[in-house]
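Each remark here refers to the structure printed beneath this line.
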Amino acid sequence: MKKLLHIIFCVASLGLAMSFTYKPVEKEKLTVIFDHYVGDRLLQFDSVNYKNELGQAYIVTKFKYYIGNIRLKKRNGGTVAFKDYYLINEEEEGSKKIVLEKLPGEEYTGIEFIIGVDSLHNCSGAQSGALDPVNGMFWTWNSGYIFLKLEGKSAASKSPGHVFEYHIGGYKQPANCIRKISLHFSKPMQAGSMKELHIKADIAEILKAKTVIDFSKYSSVTDFHNATMIADNYMNMFSITDIK
Amino acid sequence: MKRKTIIIWSLILTSLVFFGFTSVNTYFDISKEDVDLKIPKGFPKPIYKFKNNKLSPDVFVLGRELFYDPILSKDSTTSCASCHQRIAAFGHIDHALSHGINGLIGKRNVPALQNLIWKDAFMWDGGVNHLEVQPLSPITNPIEMNESIADIIVKLRHTDHYVRDFKKAFGDTLISSERILKSLAQFTGLMITANSRYDKYMNGSDTFSVVEKRGLELFRQKCAACHKEPLFTDNSYRNNGIKPDSSLKDKGRGAITGLESDDYKFKVPGLRNVEITYPYMHDGRFRNLTQVMDHYASPERFSGSVSKEMYGIGKLTAQDKKDIIAFLRTLTDKSFIYDRRFVDPSVK
Numbered sequence: 171m172k173k174l175l176h177i178i179f180c181v182a183s184l185g186l187a188m189s190f191t192y193k194p195v196e197k198e199k200l201t202v203i204f205d206h207y208v209g210d211r212l213l214q215f216d217s218v219n220y221k222n223e224l225g226q227a228y229i230v231t232k233f234k235y236y237i238g239n240i241r242l243k244k245r246n247g248g249t250v251a252f253k254d255y256y257l258i259n260e261e262e263e264g265s266k267k268i269v270l271e272k273l274p275g276e277e278y279t280g281i282e283f284i285i286g287v288d289s290l291h292n293c294s295g296a297q298s299g300a301l302d303p304v305n306g307m308f309w310t311w312n313s314g315y316i317f318l319k320l321e322g323k324s325a326a327s328k329s330p331g332h333v334f335e336y337h338i339g340g341y342k343q344p345a346n347c348i349r350k351i352s353l354h355f356s357k358p359m360q361a362g363s364m365k366e367l368h369i370k371a372d373i374a375e376i377l378k379a380k381t382v383i384d385f386s387k388y389s390s391v392t393d394f395h396n397a398t399m400i401a402d403n404y405m406n407m408f409s410i411t412d413i414k
Numbered sequence: 010m011k012r013k014t015i016i017i018w019s020l021i022l023t024s025l026v027f028f029g030f031t032s033v034n035t036y037f038d039i040s041k042e043d044v045d046l047k048i049p050k051g052f053p054k055p056i057y058k059f060k061n062n063k064l065s066p067d068v069f070v071l072g073r074e075l076f077y078d079p080i081l082s083k084d085s086t087t088s089c090a091s092c093h094q095r096i097a098a099f100g101h102i103d104h105a106l107s108h109g110i111n112g113l114i115g116k117r118n119v120p121a122l123q124n125l126i127w128k129d130a131f132m133w134d135g136g137v138n139h140l141e142v143q144p145l146s147p148i149t150n151p152i153e154m155n156e157s158i159a160d161i162i163v164k165l166r167h168t169d170h171y172v173r174d175f176k177k178a179f180g181d182t183l184i185s186s187e188r189i190l191k192s193l194a195q196f197t198g199l200m201i202t203a204n205s206r207y208d209k210y211m212n213g214s215d216t217f218s219v220v221e222k223r224g225l226e227l228f229r230q231k232c233a234a235c236h237k238e239p240l241f242t243d244n245s246y247r248n249n250g251i252k253p254d255s256s257l258k259d260k261g262r263g264a265i266t267g268l269e270s271d272d273y274k275f276k277v278p279g280l281r282n283v284e285i286t287y288p289y290m291h292d293g294r295f296r297n298l299t300q301v302m303d304h305y306a307s308p309e310r311f312s313g314s315v316s317k318e319m320y321g322i323g324k325l326t327a328q329d330k331k332d333i334i335a336f337l338r339t340l341t342d343k344s345f346i347y348d349r350r351f352v353d354p355s356v357k
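Residue numbers (the numbering used here), protein chains in the order written: chain S, 171 to 414; chain C, 10 to 357.
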C-alpha cells in the first residue's frame with residue numbers, strides 16, 4: 171500500500187513538473203501596425219493628388235479592408251493562429267493597430283493572414299464586432315462581406331462626380347476574392363524582443379500590381395464583375411517595413 | 010345582509026376583471042412551450058437549428074415586436090408585416106409586386122414566410138445565405154424600407170420599451186444588429202406550417218374527396234419533380250418558361266451567381282398555403298391558380314432555356330387542372346394563419 175502511494179506520488183510530481191517545464195510561456199504580445207501608403211508617400215485623404223501608372227491624377231476618400239486568419243510562423247515549424255477578424259480603416263487610427271496576445275515565447279520567421287473573410291464567416295448569420303453588418307461592409311442583396319473598399323475621385327473617371335469606387339468581396343468561385351498573404355521577416359525574431367511589426371499597405375499596388383487600372387475604364391467595381399482583377403492586385407499591396 | 014351582498018358583488022367584479030385581464034394576457038403571452046421547436050413528422054432535419062440563438066419566449070416576443078413595427082423603415086411607415094401579412098401566410102394578398110416606402114413599387118412578388126428553417130437560401134434569387142441576415146435585404150433596399158441598421162439601432166435606443174425589451178430578452182440593455190437579427194430569426198423561424206388537410210390526410214386523421222385524391226395523384230406525376238413533398242419545393246432554381254418582363258430587367262439567379270446559365274432562373278417556391286398567397290410567380294403575373302395551370306400545360310408558350318422537368322408536365326385537361334387545384338387547396342393550414350403566437354401584439 172505504501173509502495174503504491176509512493177509510486178502515485180512520484181508519477182504525480184513528475185507530471186506536475188513536466189507540465190511546468192513543457193508548457194510554453196504564452197505571455198508575449200505583438201502589435202501589428204498597418205501603415206497606409208500611396209507608393210512611397212503616407213496616405214492622406216482628400217487633399218493630396220496622386221498619379222496612377224497611366225498618369226491619371228486621383229485623390230482617395232475611403233480605404234478600409236478586412237484582415238483575418240492571422241498566423242505567425244514558428245522557426246521550428248508550425249504556426250500560432252489567431253481567430254479574430256479585424257476591420258482596418260484609414261479613418262480610425264485605432265483600427266490600424268492589432269494586438270496579438272498570448273504569444274508563445276519562441277522565434278518566428280514570418281506572418282500569414284488573409285485579406286477578406288473566409289467562407290465560414292460569410293455564412294454564419296448575424297455576427298458582432300468587426301463582422302457586425304453595421305460597419306457597412308456587408309452586401310445584403312447577395313450575402314457576403316465586402317473585403318475591401320477603396321474610393322476616391324479622378325478627372326479620368328466617367329462616373330457622376332468623377333468618382334471611382336472599388337467594393338471588392340465574394341467568397342464563392344469563380345469570383346472568390348479572398349487572398350492569402352504571406353510575409354517573411356528578414357531574420358527570425360524572438361517573441362518579446364519584437365514588440366511592433368509594421369506592415370505597409372500600398373494603394374498604388376491595388377491600382378497596378380498585376381493589372382493597371384484605368385479610371386476611365388473601371389470607375390466602379392462593386393460586384394463580382396472584374397472583382398478578381400482587383401483582388402489579384404490587392405494581394406500584392408502588403409510588405410513589412412519595420413520590426414522593433 | 011347588505012354587507013354580504015357587497016362582498017359577493019366585489020368578488021364577482023374582481024373575478025371578472027381578473028379573468029378579463031388574464032384572458033387578454035394569455036392570448037399574447039408567449040410561454041416556454043410556445044417556443045419549443047417541434048419538427049413535424051416526416052419533415053427533414055432543419056437547416057437553421059437556432060444554434061447560437063437559443064429559443065426563448067422573451068427573444069421571440071422581441072422579434073414579434075420588431076416584425077410588426079414600422080420603426081424599421083426610414084420614415085417609420087413600413088414594417089415587415091406591411092408586406093408579409095399573416096392572413097396570407099405572410100405573403101401579400103393581391104399585390105403582384107412589393108410596395109415599399111414613398112409609394113415605390115418593387116420588382117418582385119412578396120414570398121410567403123413559412124417553413125423558413127428548411128431553406129438553404131432566401132429571396133427569389135437565393136441571394137441571401139442565412140435566415141439571420143435575411144431581414145437586412147428588405148430593410149436596406151431603397152425601394153422597400155430604405156433604412157440602415159445603424160439608424161435603426163439609434164431609433165430603438167431612444168424607445169424606452171425597446172430598452173426594457175432587449176434587457177428582458179438578453180439580460181442587458183445593449184441593442185445591436187446581432188440581437189435585432191437573432192430575435193427576428195426566432196420569430197420568423199418558428200413560422201412552421203404542417204397542419205393542413207393534406208397533412209391530416211397523410212397521417213390518416215382526415216379524408217380526401219375523389220377529386221382531391223385524383224389531384225394529389227396528378228400532382229405527384231406532374232409537379233412533384235420540383236415541388237417535392239413534404240415542403241413542396243426542392244429548394245432549386247429553375248426557369249419555368251414564363252417570358253421575362255422587359256420592364257423589370259430581372260435576371261433572377263443569374264444576377265447572384267454571374268453565370269449566364271442561371272439567367273431567368275428563380276427559386277421553386279414551397280406550395281403550402283398556395284391558395285391564399287396569390288398572385289403567383291416571382292413577378293406576380295398570374296392572378297389565380299387556373300392561370301398557373303394554363304401556363305404549365307402550354308409548352309408551346311414556354312420561353313427561354315426552360316427546365317427540362319417542365320416538358321414532363323404535358324397536356325392537362327380542364328378536369329385535370331380543376332383536380333390539381335382542388336388538391337392544392339388542401340395545403341391551406343388555418344391553424345398556422347390563426348396561430349395566436351404570430352398575431353400583431355399591438356391589436357390588444
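For glycine and all other residues, C-beta sits at the position ideal for the given N, C-alpha and C.
Problem set entry | Under the three-state DSSP convention, the category Asn239 (chain S) falls into | strand
For this session: Give me the Cα-Cα distance between Glu366 (chain S) and Arg241 (chain S), rounded to the nearest whole angstrom.
Result: 15 Å
For this session: State the DSSP-derived secondary structure class of Lys378 (chain S), mapped to helix, strand or coil.
Result: coil
Problem set entry | His236 (chain C), buried or exposed, once every other Cβ within 10 Å from all chains shown has been counted against 16 | buried
For this session: Compute the beta-carbon to beta-carbon distance between Phe345 (chain C) and Asn204 (chain C), rounded to the nearest angstrom, for a pair I have assumed lies under 8 Å.
Result: 7 Å
Exercise. So which residues on chain S does Leu106 (chain C) lean against when the C-beta distance must stay under 8 Å?
Worked result: The premise fails here: Leu106 (chain C) is roughly 17 Å from chain S at the closest Cβ pair, so nothing lies under 8 Å.
For this session: For Tyr256 (chain S), count neighbouring C-beta atoms within 10 Å of its own C-beta (all shown protein chains included) and say buried if the count is 16 or more, exposed if not.
Result: buried
Exercise. Looking only at its own chain, which residues have a Cβ that is under 7 Å from the Cβ of Lys221 (chain S), when we skip the five neighbours before and after it?
Worked result: Ala227
Exercise. Is the CB-CB distance between Phe334 (chain S) and Lys266 (chain S) below 8 Å?
Worked result: no
Exercise. Among the residues of its own chain, which have a CB less than 6 Å from the CB of Leu225 (chain C), if the five just before and after it don't count?
Worked result: Phe336
For this session: Please decide whether Ala159 (chain C) counts as near chain S, where near means a Cβ-Cβ distance under 8 Å.
Result: yes
Problem set entry | Neighbouring residues, chain C, relative to Val287 (chain S) (Cβ below 7 Å) | Simply none; closest approach about 13 Å.
Exercise. Is Asn244 (chain C) near Asp129 (chain C), with beta carbons less than 8 Å apart?
Worked result: yes
For this session: Answer yes if the segment 64 to 80 of chain C comes into contact with the segment 175 to 192 of chain C, meaning at least three C-beta pairs across the two stretches below 8 Å, and no otherwise.
Result: yes
Exercise. What residues match up with Trp309 (chain S) in a beta bridge as DSSP calls it?
Worked result: S:Gly314
For this session: Tell me whether Met407 (chain S) sits in a helix, a strand or coil according to DSSP, three-state version.
Result: coil
Problem set entry | Proximity winner among S:Lys199, S:His206, S:Thr201, S:Ser298, relative to Phe408 (chain S) (alpha-carbon distances) | S:His206
Exercise. In whole angstroms, what is the alpha-carbon distance linking Val33 (chain C) and Arg349 (chain C)?
Worked result: Here Val33 (chain C) scores only 47 on pLDDT, less than 50, and its place in the model should not be relied on; the value that follows carries that caveat. Val33 (chain C) and Arg349 (chain C): Cα-Cα distance of roughly 11 Å.
For this session: For Asp372 (chain S), write down the residues that DSSP places opposite it in a beta bridge.
Result: S:Tyr207
Exercise. Using the rule of at least 16 other Cβ atoms within 10 Å of the residue's Cβ for burial, across every protein chain shown, is Asn102 (chain C) buried or exposed?
Worked result: This sequence places Ile at residue 102 (chain C); Asn is not what is there. So Ile102 (chain C) ends up on the exposed side.
Problem set entry | Nearest-angstrom Cα separation, counted from Gln195 (chain C) out to Glu187 (chain C) | 12 Å
Exercise. How is the alpha helix (DSSP H) around Lys50 (chain C) delimited, first residue to last?
Worked result: Lys50 (chain C) -> no alpha helix (DSSP H), and no H or E assigned at all.
For this session: Indicate the three-state DSSP secondary structure (helix, strand or coil) for Gly224 (chain C) in the structure shown.
Result: helix
Exercise. Whose C-beta lies closer than 7 Å to the C-beta of Ile400 (chain S) among residues of the same chain, with five residues either side of it excluded?
Worked result: Tyr336, Ile338, Ile376, Val391
Exercise. Using a C-beta to C-beta distance shorter than 8 Å, which residues of chain S count as neighbours of Glu187 (chain C)?
Worked result: Ala296, Gln297, Ser298, Asp302
Exercise. Is it buried or exposed for Leu268 (chain C), if we count other Cβ within 10 angstroms and need 16 for buried?
Worked result: exposed
Exercise. Are the CB atoms of Pro49 (chain C) and Ile161 (chain C) nearer to each other than 8 Å?
Worked result: no
Problem set entry | Residues near Ala325 (chain S) by beta carbon distance below 7 Å, same chain, minus five either side | Ala227, His332
For this session: Please state whether DSSP places Pro274 (chain S) in a helix, a strand or coil.
Result: strand
Exercise. Can you tell which of C:Leu240, C:Lys58, C:Asp174, C:His93 has the C-alpha that lies nearest to the C-alpha of Phe52 (chain C)?
Worked result: C:Leu240
Problem set entry | Spatial neighbours of Gly261 (chain C) in its chain, beta-carbon cut-off 6 Å, leaving aside the 5 residues before and after | Asp134, Tyr273, Lys274, Phe275
For this session: Kindly indicate which three-state DSSP category Val33 (chain C) falls into: helix, strand or coil?
Result: Per-residue confidence for Val33 (chain C) stands at a pLDDT of 47, beneath the threshold of 50, marking its modelled position as unreliable; the derived number appears in the next sentence. Helix.
Problem set entry | Test item: CB-CB of Leu81 (chain C) and Cys89 (chain C) under 8 Å | yes
Exercise. Is there at least one Cβ from chain C nearer than 8 Å to Asn222 (chain S)'s Cβ?
Worked result: no
Exercise. Any contact of the segment 267 to 274 of chain S with the segment 288 to 297 of chain S, i.e. 3+ C-beta pairs under 8 Å?
Worked result: no
For this session: Flag Thr392 (chain S) as yes if its beta-carbon sits less than 8 Å from any beta-carbon of chain C, otherwise no.
Result: no
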